[in-house]
Amino acid sequence: MAALPVLSGVRAQLSAVGGSLDVLDSLNLGASVLASMSDLAPAQAALHDSAQILDFLLARVRDWRNATTPVNQLSDELLATIFYFAHAACAEDSQWPKPAPTRTIFTLAHVCTKWRRVARDQAALWTDVQLPQTAELGLCQDIMGLSRGLALRLVIRWRHVPDAETDDDDDGGSPSPPSSGPECAVLPAVEAHMHRVTHLSLICSDFHADLIAKLLTLPAPRLTSLHIRHEPRAVRRPNFPASFRIDMPALKRLYLCGVYPKFLSGFVGTALEVYTVYNQWIISRLSKRCCNGSSPGLTARAMHGIPNRFRAFQALHCGCSRKPCIAPSALREIED
1 MAALPVLSGV RAQLSAVGGS LDVLDSLNLG ASVLASMSDL APAQAALHDS
51 AQILDFLLAR VRDWRNATTP VNQLSDELLA TIFYFAHAAC AEDSQWPKPA
101 PTRTIFTLAH VCTKWRRVAR DQAALWTDVQ LPQTAELGLC QDIMGLSRGL
151 ALRLVIRWRH VPDAETDDDD DGGSPSPPSS GPECAVLPAV EAHMHRVTHL
201 SLICSDFHAD LIAKLLTLPA PRLTSLHIRH EPRAVRRPNF PASFRIDMPA
251 LKRLYLCGVY PKFLSGFVGT ALEVYTVYNQ WIISRLSKRC CNGSSPGLTA
301 RAMHGIPNRF RAFQALHCGC SRKPCIAPSA LREIED
């Protein structure tokens with residue numbers, strides 16, 4: 001392609017002299033082509049580098065596939081057991097030795113067809129899952145259905161994507177909760193499996209406060225640990241619904257971050273043992289709820305073992321410049 005401009009120039013010069021061949025005495029076609037080729041040097045170098053990278057990646061994939069060949073000779077049952085122990089070793093509270101830090105290239109379900117089939121058939125590998133924020137109902141049901149009837153640890157992370165047409169952050173207005181869309185698809189999927197959820201973590205913005213409230217009203221007879229982290233879109237008090245009853249009779253561990261105080265009234269009848277709060281608005285309400293008998297298991301001894309309750313509340317105050325609003329009488333009641 002680089003020679004085309006040179007040849008076009010030759011034809012133009014020949015036409016200019018009426019077809020005379022005398023002009024050829026002053027032309028050097030080879031030198032002209034070689035001079036034009038110098039412009040292609042950067043492109044040739046880039047093409048060469050890309051080819052080397054592609055060869056490296058192909059060799060890497062071949063090595064991985066060759067490495068799985070002897071493993072794939074094992075039965076599905078034995079391979080599933082290996083997958084389970086490898087998965088359990090990565091858990092934070094695992095009794096197995098931690099694997100060496102490594103960069104994950106493929107997940108179990110993406111190495112080959114057999115690994116994918118075995119991984120999907122091993123229900124124990126799907127008992128600790130995080131639902132995607134934007135997913136259809138069918139996908140959410142499929143993810144939770146893989147664990148079958150086993151106890152389920154569930155993480156739901158809803159992060160608000162700002163919208164200039166609907167957001168009202170500048171004037172401190174209340175956000176409009178979503179009435180439809182991918183976020184709402186999670187609710188019916190979770191409802192079908194909530195009876196076997198033992199650990200639930202919810203991370204949301206004030207945009208999804210109503211969705212969280214609807215989710216927490218679902219009966220959860222086996223739920224023992226609840227983690228709610230609220231991330232407001234603006235610097236203002238989170239606006240959760242005022243009060244709603246929560247049916248979680250087995251709840252023992254509760255972690256609240258940035259949740260409106262009236263939210264506590266929904267935990268009547270629970271058997272809380274560990275209660276952690278990170279929020280400046282909830283402290284004064286907490287001192288009353290601990291002592292009025294609504295949650296008998298919620299005692300000072302269970303407040304993460306911090307001996308000085310006043311220091312504890314200051315630590316939970318998240319660095320706010322104002323002092324926690326707790327009366328001395330409330331402190332004495334908590335210590336008792």
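First residue of the sequence shown? That's 1 in UniProt numbering, and the numbers climb one at a time after it.
For each residue, glycine too, the CB sits at the ideal point set by N, CA and C.
Going by the CB atoms, is the gap between residue j and residue i shorter than 8 Å?
i	j	result
Ile203	Arg229	yes
Ala189	Leu137	yes
Leu125	Leu200	no
Leu223	Ala250	yes
Leu152	Val197	yes
Just how far apart, CA to CA, sit residue i and residue j?
i	j	result
Arg120	His48	41 Å
Arg117	Leu218	33 Å
Thr69	Gln52	26 Å
Leu40	Tyr84	54 Å
Ile143	Ile212	20 Å
Ser76	Gln122	At residue 76 the sequence reads Asp, which differs from the Ser that was named. Going by the C-alpha atoms only, they are around 10 Å apart.
Ser147	Leu139	14 Å
Ile156	His195	16 Å
Ala88	Leu57	30 Å
Leu256	Val129	21 Å
Ala44	Leu54	Looking at the sequence shown, residue 44 is not Ala but Gln. Distance between the alpha carbons of Gln44 and Leu54 is about 15 Å.
Ile283	Gln141	Note on Ile283: pLDDT 45, under 50, position unreliable in the model; the coordinate value appears next. Near 38 Å, if we compare the C-alpha coordinates of Gln141 and Ile283.
Leu79	His208	41 Å
Asp210	Gly258	15 Å
Trp64	Gly145	30 Å
Ala220	Leu254	14 Å
Ala315	Ser205	Legend: pLDDT at Ala315 = 35, less than 50; position of this residue unreliable, value from coordinates given subsequently. Computed Cα separation, rounded: 23 Å.
Cys184	Ala67	43 Å
Gln73	Ala46	42 Å
Ala59	Trp115	20 Å
Ser50	Thr81	40 Å
Val61	Thr113	15 Å
Arg158	Thr127	Reading off the sequence shown, one finds Trp at residue 158, where the question assumed Arg. Cα to Cα, Trp158 sits roughly 20 Å from Thr127.
Ala86	Pro42	47 Å
Helix or strand or just coil, what does DSSP make of residue i?
i	result
Asp128	strand
Thr217	coil
His193	coil
Leu254	strand
Ile228	strand
Leu74	coil
Ile156	strand
Ile82	helix
Ser147	coil
Ile53	helix
Cys112	coil
Leu202	strand
Pro249	coil
Gln44	helix
Gln122	coil
Leu137	helix
Leu211	helix
Arg117	helix
Arg65	helix
Leu58	helix
Write down the C-beta distance between residue i and residue j rounded to the nearest angstrom, noting that I regard them as a contact closer than 8 Å.
i	j	result
Val186	Leu131	6 Å
Leu226	Met248	7 Å
Lys252	Glu231	The pair is not a contact, with the Cβ atoms about 25 Å apart (cut-off 8 Å).
At a cut-off of 7 Å, is residue i close to the ligand MG when judged by its beta-carbon and the heavy atoms of the ligand?
i	result
Arg245	For the structure depicted, the ligand MG is absent and the ligand set is empty, with no information on it obtainable.
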